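Report on the following structure.
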Amino acid sequence: MQAFKPPQGRRQAVALAAASVLGALLAWLGVPAWQAAAAADGDGQRAPTPAELRRSFVTDAIDRVGPAVVRLDTERTVRRSAPNPFSEDPFFRRFFGDESFRQPQQEYRQRGQGSGFIIDSNGIVLTNAHVVSEADAVRVSLRDGRTFRGEVCGMDELSDLAVIKIDGEELPVAPLGNSSDVRVGDWAIALGNPLGLDNTVTLGIVSTLNRSSSQVGIPDKRLNFIQTDAAINPGNSGGPLLNERGEVIGINTAIRANAEGIGFAIPIDKAKAIQGKLARGEPVPHPYIGIRMIDLTPDVARRLNRDPNSLIEVPERNGVLVVRVMPGSPADEGGLKRGDVITRVAGERVESADRLQALVDSSELGRPLELRVWRDGQRQRLAVRPQQMRQANLP
388 MQAFKPPQGR RQAVALAAAS VLGALLAWLG VPAWQAAAAA DGDGQRAPTP AELRRSFVTD
448 AIDRVGPAVV RLDTERTVRR SAPNPFSEDP FFRRFFGDES FRQPQQEYRQ RGQGSGFIID
508 SNGIVLTNAH VVSEADAVRV SLRDGRTFRG EVCGMDELSD LAVIKIDGEE LPVAPLGNSS
568 DVRVGDWAIA LGNPLGLDNT VTLGIVSTLN RSSSQVGIPD KRLNFIQTDA AINPGNSGGP
628 LLNERGEVIG INTAIRANAE GIGFAIPIDK AKAIQGKLAR GEPVPHPYIG IRMIDLTPDV
688 ARRLNRDPNS LIEVPERNGV LVVRVMPGSP ADEGGLKRGD VITRVAGERV ESADRLQALV
748 DSSELGRPLE LRVWRDGQRQ RLAVRPQQMR QANLP
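Under my numbering, think of the first position of the sequence shown as 388, with each following residue one higher.
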């Protein structure tokens, strides 16, 4: 019996369809595109080896970045009183008094651990500020076995970022990506040294973007985070979060207590913007105007206007509603009031608190920032001079 042979055009269509399906399957399995192409094309192209098929984008990403990920061991001196075993016993306290149980303070060496990654061949290491805060000594260990003494060049508590300098030759460098290109659902690979377990890799996805520090549970910071379900544990702090190409998109920073699969990373674009100042030991500017605000929409406005407890009446329009003005703040001095609706900042229309905050963040300290507001049914122009924010200035 003669085998049936499809027409030439049909054979080509079948071959193309098979190649597409195989290429998609290999891509889903994590095989690089060039390997998928080789497997799909049988005309003179070699098939991928079993070793190549076993490799995934995760393996390639780790090979690219892993050598630049470091372990940080820190020490600091703390002073505290030694515990007295009888100090909590009411009987002894009654007869001997509180003063008898007060112990002189003694110095102790407190050790900590964290992660970081090298971003420059000159020995610039990026990590979290809370990893090296108040540290007297920092030891930096590389995957190749080398160990260096680290010098903290600069820290910024509000952004929880720090830069360490080490002196070494032929240092590996982690390539930096762009967190602005990250989308929900992208792959996320976390590297670090959780719980002292060096060179640990976990895989997940980007769960959401722009998670505010107050939502994360650290309102004393001024950050929006990348949320991921890649496992992050104590000791991961300061380590890199990678995309599927092996580029750093974030700095692993925090987890939600008593929850699984909820971790947070500082976007790498934030770190790129300030790491130069930190490396030079310069202060990082954090302009603030001192207001609490919410997004205003016609629906939100209608609900507020119907609520007798709101004590304000606002126009049914889009903008940013001021719900509190801190006394003595730049906003207070500039004339902003509770109930004002901000519609423009420096000439740009604003309809979200996040966008308004971004415009304030990019403003110059002390330079007038023009605001257009609705108040009592009328448009007004105000000038506010942003000032440097401190921890105590957080609204």
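Idealized CB from N, CA, C, for every residue including glycine. Values in this document were obtained by computation on a predicted structure and should not be read as measured data.
**Study point:** Local conformation of L610 per DSSP, three classes
**Key:** coil
**Study point:** Contact belief for G503 with G626 at Cβ below 8 Å, rounded distance in angstroms
**Key:** 7 Å
Check your understanding: What is the residue span of the beta strand (DSSP E) that V569 lies within?
Key -> No beta strand (DSSP E) contains V569, which DSSP labels as neither H nor E.
Check your understanding: E720 by DSSP, collapsed to three states: which one?
Key -> helix
Point to revise | Candidates I655, G622, I605 and E634: closest to I613 by CA position | key: I655
Review point. Which value, in whole angstroms, describes the spacing of the CA atoms of A414 and V569?
Key: Low per-residue confidence applies at A414: pLDDT is 44, beneath 50, and the placement is therefore not dependable, though the value from the model is reported in the following sentence. The alpha-carbon atoms of A414 and V569 are separated by roughly 20 Å.
Exercise for review: Take T464 as the anchor and find which of Q497, N611 and V519 has the nearest alpha-carbon.
Suggested key: Q497
Review point. Of the residues W574, L758 and G604, which one's Cα is nearest the Cα of D616?
Key: W574
Review point. Looking at R704 and A688, is the spacing between their C-beta atoms short of 8 Å?
Key: yes
Review point. Looking at C-alpha atoms only, which residue of E735, P685 and D460 is the closest neighbour of E521?
Key: D460
Point to revise | Cα-Cα separation, S546 to E738 | key: 25 Å
Check your understanding: Could you give the distance in angstroms between the alpha-carbon of R759 and the alpha-carbon of L529?
Key -> 53 Å
Check your understanding: Just curious, the beta strand (DSSP E) that N639 is in, first and last residue?
Key -> V635 to I642
Check your understanding: By Cβ distance below 8 Å, which residues in the same chain neighbour R693 in space, the five residues on each side in sequence not counted?
Key -> none
**Study point:** Collapsed DSSP secondary structure at T589 in the structure displayed
**Key:** strand
Point to revise | Reference P559; option with closest CA among E634, N586 and R451 | key: R451
Check your understanding: When you compare each of F651, R632, V710 and G555 to D447 by their alpha carbons, which one comes out closest?
Key -> R632
Practice item. Following the continuous alpha helix (DSSP H) through V449, name the residue where it begins and the one where it ends. Key: For clarity, residue 449 is Ile in the given sequence; the question names Val instead. Here the alpha helix (DSSP H) through I449 covers F444 to V452.
Exercise for review: Please classify L746: does DSSP put it in a helix, a strand, or coil?
Suggested key: helix
Practice item. Indicate the three-state DSSP secondary structure (helix, strand or coil) for S546 in the structure shown. Key: coil
Point to revise | F535 versus R609: straight-line alpha-carbon distance, rounded | key: 31 Å
**Study point:** Integer Cβ distance of V571 from I551, believed to fall under 8 Å
**Key:** That pair is no contact at about 32 Å.
Check your understanding: What do you get for V418, buried or exposed, if any count of 16 or more other CB atoms within 10 angstroms of its CB means buried?
Key -> For V418, the predicted model reports a pLDDT of 46, less than 50, meaning its position is unreliable; a value from the coordinates is still stated below. With 16 or more other Cβ atoms within 10 Å, it is buried.
Point to revise | DSSP three-state assignment for P654, whether helix, strand or coil | key: strand
Check your understanding: Run through DSSP, which three-state label would L769 get?
Key -> strand
Practice item. State the Cα-Cα distance for the pair T684 and G706, rounded to the nearest angstrom. Key: 7 Å
Point to revise | Classification of D531 by the beta-carbon crowding that lies within 10 angstroms, buried from 16 upward | key: exposed
Review point. By a C-beta neighbour count over all protein chains shown, 10 Å radius and 16 as the cutoff for buried, is G764 buried or exposed?
Key: exposed
Exercise for review: On the DSSP bridge assignment, give the partners of T615 in chain order.
Suggested key: V593 and G650
Practice item. Pull up the distance between the alpha-carbon of S624 and that of A641, whole angstroms please. Key: 7 Å
Exercise for review: From the DSSP output, read off the bridge partner residues of G715.
Suggested key: Answer by DSSP bridge pairing: none, since G715 is not bridged.
Review point. Going by Cα to Cα distance, which pick from R731, R777 and L723 is closest to P672?
Key: R777
Practice item. Report, in whole angstroms, the separation of the C-beta atoms of I449 and Q662, which I expect to be a contact under 8 Å. Key: Wrong, their Cβ atoms sit about 23 Å apart, outside the cutoff.
Check your understanding: How long is the line joining the alpha carbons of E494 and E462, rounded to whole angstroms?
Key -> 12 Å
Check your understanding: Do you know whose CA, among E538, G753 and R768, lies nearest V728's CA?
Key -> R768
Review point. What separation, rounded to the nearest whole angstrom, lies between the Cα atoms of N696 and R731?
Key: 28 Å
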